[in-house]
């Protein structure tokens with residue numbers, strides 16, 4: 006059990022507080038908005054404190070003197086950074102995480118450090134979301150794509166097509182379709198319900214699945230499933246929204262040779278953007294202007310990225326792009342209330358800065374050697390990349406004999422730089438990196454398999 010102080014009661018703070026409190030930690034949440042704090046108090050067993058997050062008296066009231074961890078996720082970068090300084094100087098809080106949106110702070114590496122601004126981990130929501138967007142552009146036929154083991158393995162989401170090789174197939178018969186390819190189906194959705202499948206699970210047309218596959222076998226897998234695997238190079242991309250996330254994505258796309266057009270509503274921002282690129286076209290205009298979209302040849306685009314700060318604009322512009330036949334549409338969605346809605350109206354590829362930030366934060370506060378973490382299926386499933394050390398409980402037992410929680414599966418192992426898709430007879434060895442998919446409720450049990458001693462890092 007740890008004492009945790011969370012600054013900020015927005016969606017990110019809410020979800021981090023919910024997760025950590027459900028795992029038995031003592032959690033305090035600070036915010037200036039009494040209504041937000043009341044929502045949190047009604048939903049979970051945490052202490053709430055109303056006040057300015059960087060004020061010493063407020064931090065003291067929240068229990069900073071006894072805190073093991075402080076997570077600063079208010080909407081103000083400067084408040085988050087100052088709160089970490091106060092927590093360090095006055096209360097000696099050992100570990101401090103801060104959400105910082107302004108990229109200019111991250112550009113100066115000498116700013117952060119124990120003898121400078123004492124923040125142990127800085128998380129950029131825009132940077133995390135941009136990584137997810139680029140991952141999905143690298144596998145444009147997939148609904149979702151995540152990298153683990155420093156990119157050595159991909160976790161890719163597909164929909165089972167009516168006439169595909171997978172329709173009507175049970176997972177125990179999957180090797181007959183895959184041939185020499187070693188892949189693992191780690192998550193399965195049917196009728197809106199996600200779960201971790203077993204060998205008896207039958208895939209039906211319209212179901213969605215997450216497949217773990219080594220990166221060098223991704224192209225052959227796409228071929229077996231009759232999907233196209235495109236890199237962004239040479240692709241025509243129309244993006245609406247040139248904010249922080251849009252700017253980062255456009256920069257990355259420019260580097261890999263995409264043909265990018267960015268529509269930005271704000272005139273001053275559009276002028277600034279136009280000075281930042283060599284081969285990106287910046288247009289000042291309205292993302293919902295049909296005439297403008299037609300003038301920019303939306304019907305000839307390979308990819309459409311809705312990256313504005315307004316969810317409604319992103320959703321509506323994405324629907325317009327779908328109507329014009331753009332084959333690959335990515336929609337940025339900030340508010341959780343839209344999470345299920347967008348899929349129901351046909352927008353399958355969405356990116357949530359909120360979920361990306363929550364996953365990044367939680368990956369740094371886990372017990373044991375957890376090197377990476379991500380949420381799947383609107384937060385219903387969790388993926389952990391964990392390192393097995395000499396005393397970890399997961400060692401030297403065949404996977405089929407491990408006492409894993411229900412709906413938990415080992416999807417891949419990285420050993421000596423080589424990706425292994427395991428079977429039930431394989432044993433985890435010391436210093437293996439293990440990819441595990443489980444439910445949100447079972448994360449704590451899974452962590453115990455890798456736990457050496459309690460630590461925050």
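Numbering (this note's numbering), first residue to last: 6 to 462. Backbone N, C-alpha and C define an ideal beta-carbon position, used for all residues, glycine too. Being a predicted model, the structure only gives us computed values, none of them experimental.
- With contacts defined by Cβ atoms closer than 8 angstroms, residue 210 and residue 172 form a contacting pair.
- Judged by DSSP secondary structure, residue 265 falls within the beta strand (DSSP E) whose first and last residues are 264 to 269.
- With 16 or more other CB atoms across the displayed protein chains lying within 10 angstroms of its CB, residue 359 is buried.
- Pairing residue 294 with residue 288, the inter-Cα distance amounts to about 12 angstroms.
- In the structure shown, the three-state DSSP call for residue 380 is strand.
- Ranked by how close their Cα comes to the Cα of residue 450, the residues 101, 11, 366, 27 have 27 in first place.
- Taken atom to atom, the span from the alpha-carbon of residue 393 to that of residue 201 is near 22 angstroms.
- Between residue 266 and residue 243, the gap from beta carbon to beta carbon is short of 8 angstroms.
- Secondary structure at residue 291: coil, using DSSP grouped into helix, strand and coil.
- Excluding five sequence positions before and after residue 194, the CB atoms of its chain that fall closer than 7 angstroms to its own CB belong to 212, 213, 382, given in chain order.
- With fewer than 16 other Cβ atoms from the protein chains shown falling within 10 Å of its own Cβ, residue 423 counts as exposed.
- Ranked by Cα distance from residue 308, the first of 264, 277, 33 is 264.
- Bridge partners of residue 285 according to DSSP: 265.
- For the options 337, 55, 361, the alpha carbon positioned closest to that of residue 13 is the one of 55.
- The C-alpha of residue 285 is placed about 36 angstroms away from the C-alpha of residue 125.
- When DSSP states are grouped into helix, strand and coil, residue 364 belongs to the helix group.
- By the Cβ test, the segment 103 to 122 is not in contact with the segment 406 to 417, since fewer than three Cβ pairs between them sit closer than 8 angstroms.
- Note on residue 175: under 16 other CB atoms within 10 angstroms of its CB, so exposed under the neighbour-count rule.
- Cβ atoms of residue 316 and residue 338 come within 8 angstroms of each other, at about 6 angstroms.
- Residue 414 places its beta carbon less than 8 angstroms from that of residue 191.
- With 16 or more neighbouring CB atoms inside 10 Å of its own CB, residue 25 falls in the buried class.
- For residue 152, the uninterrupted beta strand (DSSP E) run begins and ends at 149 to 153, by DSSP.
- Judged by beta-carbon spacing, residue 32 lies within the 8 angstroms limit of residue 22, meaning their Cβ atoms are closer than that value.
- In this structure, the alpha-carbon of residue 321 lies about 32 angstroms from that of residue 208.
- With contacts defined as CB atoms closer than 8 angstroms, residue 278 and residue 269 qualify as a contacting pair.
- Rounded to the nearest angstrom, the gap between the Cα atoms of residue 135 and residue 250 is 6 angstroms.
- Nearest in C-alpha terms to residue 186, of all of 153, 227, 162, is 227.
- Scanning 253, 292, 248 for the CA closest to the CA of residue 273 turns up 248.
- Per DSSP, the continuous alpha helix (DSSP H) segment holding residue 96 begins and ends at 82 to 96.
- Within the segment 165 to 198, the complete alpha helix (DSSP H) segments at least 4 residues long are 179 to 183, listed from N- to C-terminus.
- Beta-bridge annotation (DSSP): residue 100 is paired with 74.
- Below 8 angstroms, enough C-beta pairs join the segment 388 to 403 and the segment 432 to 445 to call them touching: three or more.
- In the three-state DSSP reduction, residue 403 falls in the strand class (E or B).
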